[in-house]
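Numbering (our numbering), first residue to last: 98 to 254.
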């Protein structure tokens, strides 16, 4: 029998764009949680998108969740202070970015400056809730008939 040591506890910070809400985000989060052996998720309390998906995933999988709320005593700096609080409470961070969001881009730069280990994923937003694991760049042609040859069972072709 192997002498296996349990993985060290990892608090995973989750940051990302509000425009990303489909299953690709959930798949990436599940993979990152498994890869980092995360025992707790740390994220922002208010935003939709990636942060909302992380909160939902924690409820579904009973993963401990720590939320950071905006504190408007800092006025315009409330968003930056909230992000700094998330980074102070995590051991590593995952970013899921739509390629446009300035807030996520600023958080990524802040994370780099603080020297926090991180993983970065860039996804294009899609109007579809399910992408079946690939990028959808155009609407499907509904009602178009496609001829598909039947397999020849004798030859296997």
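For glycine and all other residues, C-beta sits at the position ideal for the given N, C-alpha and C. Computed from a predicted structure; not experimentally measured.
- With contacts defined by Cβ atoms closer than 9 Å, residue 116 and residue 222 form a contacting pair.
- By the Cβ-count criterion, residue 129 is buried, with 16 or more other Cβ atoms from all chains shown falling within 10 Å of its own Cβ.
- Counting only residues of its own chain and dropping the five nearest sequence neighbours on each side, residue 219 has a CB closer than 7 Å to the CB of 194 and 196.
- When the beta-carbon positions are compared, residue 165 and residue 171 stay at least 9 Å from each other.
- For the pair residue 137 and residue 162, the CB atoms are nearer than the 9 Å cut-off.
- When DSSP assignments are scanned along the segment 176–217, the uninterrupted stretches of beta strand (DSSP E) that are 3 or more residues long and fall wholly within it turn out to be 189–194.
- In the structure shown, residue 135 adopts extended strand secondary structure according to DSSP, grouped into three states.
- Look at residue 110 here: in three-state DSSP terms it is strand.
- Inclusion of residue 188 and residue 109 in the CB contact set at 9 Å is warranted, their separation being smaller than that value.
- Excluding sequence positions up to five before and after residue 107, its CB lies within less than 7 Å of the CB of 133, 134, 135, 136, 188 and 189, all in the same chain and listed in chain order.
- Cα atoms of residue 217 and residue 159: separation of roughly 25 Å, rounded to the nearest angstrom.
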